[in-house]
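Comments concern the structure below.
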Amino acid sequence: MLIENSKHLEKLRMEKLEPHADGTLCLNGRSWLPCYGDMRTVIMHESHKSKYTIHPGSDKMYQDMKRLYWWPNMKAYITTYVSKCLTCAKVKAEHQRPSRLLVQPEIPQCKWDNITMDFNTKLRKSSQGYDTIWVIVDRLTKSAILVSMRETDPIEQLERIYLKEVVTWHGIPVSIICDRDPRFALNFWRSLQKALGTILDMSTAYHPQTDGQSERTIQTLKDMLRAYGKLNLRYVRPFKVLKKVRSIVYKLELPQELSMVYNTFHVSNLKKCYADEPLAVPLDGLHFDDKLHFVEEPIEIMDREVKRVKRSRILIVKVRWNSRIGPEFTWECED
Numbered sequence: 001m002l003i004e005n006s007k008h009l010e011k012l013r014m015e016k017l018e019p020h021a022d023g024t025l026c027l028n029g030r031s032w033l034p035c036y037g038d039m040r041t042v043i044m045h046e047s048h049k050s051k052y053t054i055h056p057g058s059d060k061m062y063q064d065m066k067r068l069y070w071w072p073n074m075k076a077y078i079t080t081y082v083s084k085c086l087t088c089a090k091v092k093a094e095h096q097r098p099s100r101l102l103v104q105p106e107i108p109q110c111k112w113d114n115i116t117m118d119f120n121t122k123l124r125k126s127s128q129g130y131d132t133i134w135v136i137v138d139r140l141t142k143s144a145i146l147v148s149m150r151e152t153d154p155i156e157q158l159e160r161i162y163l164k165e166v167v168t169w170h171g172i173p174v175s176i177i178c179d180r181d182p183r184f185a186l187n188f189w190r191s192l193q194k195a196l197g198t199i200l201d202m203s204t205a206y207h208p209q210t211d212g213q214s215e216r217t218i219q220t221l222k223d224m225l226r227a228y229g230k231l232n233l234r235y236v237r238p239f240k241v242l243k244k245v246r247s248i249v250y251k252l253e254l255p256q257e258l259s260m261v262y263n264t265f266h267v268s269n270l271k272k273c274y275a276d277e278p279l280a281v282p283l284d285g286l287h288f289d290d291k292l293h294f295v296e297e298p299i300e301i302m303d304r305e306v307k308r309v310k311r312s313r314i315l316i317v318k319v320r321w322n323s324r325i326g327p328e329f330t331w332e333c334e335d
């Protein structure tokens with residue numbers, strides 16, 4: 001009886017192979033197949049190609065064989081054997097998407113030669129009815145063009161915008177990276193880019209390795225819109241922490257209008273607030289005109305001097321002004 005190599009000797013001793021009544025060694029009731037001739041290959045051949053099994057896959061074959069047999073790296077042996085089966089290679093269907101080469105976009109050499117574009121949709125409608133922003137980003141300089149539009153605008157309108165905002169100002173791009181939006185997949189759009197000599201590189205959805213710059217610009221744009229109240233906030237106003245219930249659960253002090261909300265939250269729904277308390281600016285003593293412009297007024301005279309100009313003597317005073325940027329001092333004639 002032969003054993004593969006010396007490194008398995010200690011492992012087999014530790015596994016405590018037990019002798020069976022028929023003289024074979026067993027591990028937990030499973031017969032150990034030694035590396036003796038083609039014994040393992042014969043067993044795998046019978047388990048895979050007999051008329052009772054009909055070419056099972058590697059996982060199914062391993063689950064069937066491990067009930068009766070055992071040897072080191074048994075699953076790897078079975079996987080290798082099944083992968084070399086010519087019949088399986090010919091008749092079994094592939095359940096994996098065909099793989100392609102991973103090609104990284106080339107680094108641009110000139111401005112606006114390589115651009116990415118995407119749409120930020122489902123926004124709150126403006127007074128003109130715009131609810132979508134077309135984001136066009138130069139891959140080299142990271143500068144962006146943001147075009148307001150309607151989600152229902154036809155492709156002809158998009159092409160007019162593209163020619164006006166991109167081609168007129170920056171020339172014809174060499175390549176465009178965009179996702180598989182239905183508007184970009186239309187033959188009319190493809191025909192225009194083909195006529196201009198622009199290469200269209202379509203990326204898959206949610207694949208930032210190719211169109212990540214436009215996605216990042218859209219995220220920044222959404223944050224800006226949230227800051228101006230155009231989109232829903234990610235978090236509501238700060239609340240005081242009353243108690244730490246557990247290491248990941250906190251109890252908050254909620255106002256009366258949120259009395260129907262359970263006041264205990266998981267930390268994944270919370271964010272530490274570093275902002276100071278709202279600053280209350282006193283408006284006493286401040287004056288504004290009819291157009292709400294700040295009116296600067298003198299408050300007091302700080303000092304007096306006499307300035308001599310040839311034979312004349314001019315009395316000047318130092319005045320403190322009520323300025324919108326803080327205290328200001330100027331020298332003025334007393335009269």
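Residue 1 is where the sequence shown starts when you use UniProt numbering, and the numbers rise one by one after that.
Using N, Cα and C, we set each Cβ at its ideal position, and we do this for glycine too.
Treat the numbers as computed from the prediction; the structure is a model and nothing was measured.
What are the partner residues of residue i, as DSSP defines its beta bridges?
i: T116; result: V137 and I177
i: E328; result: W321
i: H170; result: DSSP, once it has assigned bridges, lists no residue as partnering H170.
i: S50; result: DSSP output for S50 lists no bridge partner at all.
i: L252; result: V241
i: W32; result: W70
i: I145; result: I136
i: P19; result: L25
i: I316; result: E305 and C333
i: S83; result: Looking at the DSSP assignment, S83 forms no beta bridge with any residue, so it has no partner.
i: D201; result: I177
i: H266; result: V249
Mind reading off the beta-carbon distance from residue i to residue j? Whole number of angstroms is fine, and I expect it under 8 angstroms.
i: D118; j: E215; result: 7 angstroms
i: I316; j: E305; result: 5 angstroms
i: I299; j: W321; result: 7 angstroms
i: E156; j: T121; result: Not confirmed; about 19 angstroms, so no contact.
i: I218; j: D201; result: So it is not a contact: roughly 18 angstroms between Cβ atoms.
i: M61; j: H48; result: 6 angstroms
i: T79; j: S58; result: 4 angstroms
i: I301; j: K307; result: The pair is not a contact, with the Cβ atoms about 15 angstroms apart (cut-off 8 angstroms).
i: A144; j: I136; result: 7 angstroms
i: M74; j: K66; result: 7 angstroms
i: D179; j: S203; result: 5 angstroms
i: R183; j: L158; result: 6 angstroms
i: V267; j: I248; result: 5 angstroms
i: L146; j: L221; result: 7 angstroms
i: L86; j: P108; result: Wrong, their Cβ atoms sit about 48 angstroms apart, outside the cutoff.
i: K271; j: Y235; result: 6 angstroms
i: K318; j: D303; result: 4 angstroms
Specify the secondary structure class of residue i as computed by DSSP and reduced to three states.
i: M260; result: coil
i: L196; result: helix
i: F188; result: helix
i: D59; result: helix
i: Y77; result: helix
i: N5; result: Caution applies to N5, whose pLDDT of 49 falls short of 50 and renders its modelled position unreliable; the value that the coordinates give is listed next. Here N5 sits in coil by DSSP.
i: C333; result: strand
i: R237; result: coil
i: R160; result: helix
i: E296; result: coil
i: E165; result: helix
i: S126; result: coil
i: R183; result: coil
i: S247; result: coil
i: E10; result: In this predicted model, E10 has a pLDDT of only 47, less than 50, meaning its place in the structure is not dependable enough to derive any value.
i: Q104; result: coil
i: C110; result: coil
i: T41; result: helix
Can you list, in chain order, the residues of its chain whose CB lies under 6 angstroms from that of residue i, leaving out five sequence neighbours each side?
i: M14; result: Model confidence at M14 stands at a pLDDT of 48, short of 50, so the residue's coordinates are unreliable and nothing is read from them.
i: Q193; result: L200
i: H170; result: W112
i: N5; result: Residue confidence is low: N5 scores 49 on pLDDT, short of 50, so the model does not pin down where it sits. No coordinate-derived value is stated.
Looking only at its own chain, which residues have a Cβ that is under 7 angstroms from the Cβ of residue i, when we skip the five neighbours before and after it?
i: R190; result: L200
i: I172; result: L196, G197 and T198
i: M1; result: Unreliable placement is indicated for M1, whose pLDDT of 35 sits below 50; the coordinate value is still reported in the next sentence. Answer for M1: P34 and Y36, listed in chain order.
i: D113; result: P173 and V174
i: D43; result: Per the sequence shown, residue 43 should be read as Ile rather than Asp. Counting only Cβ-Cβ distances below 7 angstroms, and skipping sequence neighbours, we find L33 and Y69.
i: V82; result: H48, G57, S58, M61 and C88
Residues in the same chain with beta-carbon distance under 8 angstroms from residue i, minus the five sequence neighbours each way, listed in chain order, please.
i: L17; result: L25, C26, L27 and W32
i: V241; result: Y250, K251, L252 and E253
i: G129; result: R150
i: D131; result: T121, K122, L123, R124, K125, R150 and E151
i: residue 345; result: Residue numbering for the chain in the displayed model covers 1 to 335; residue 345 lies beyond these limits and cannot be assessed.
For a test of your reading of the model: does the CB of residue i fall under 6 angstroms from any non-hydrogen atom of the ligand COA? Yes or no.
i: E18; result: You won't find the ligand COA in this model; it holds no ligand whatsoever.
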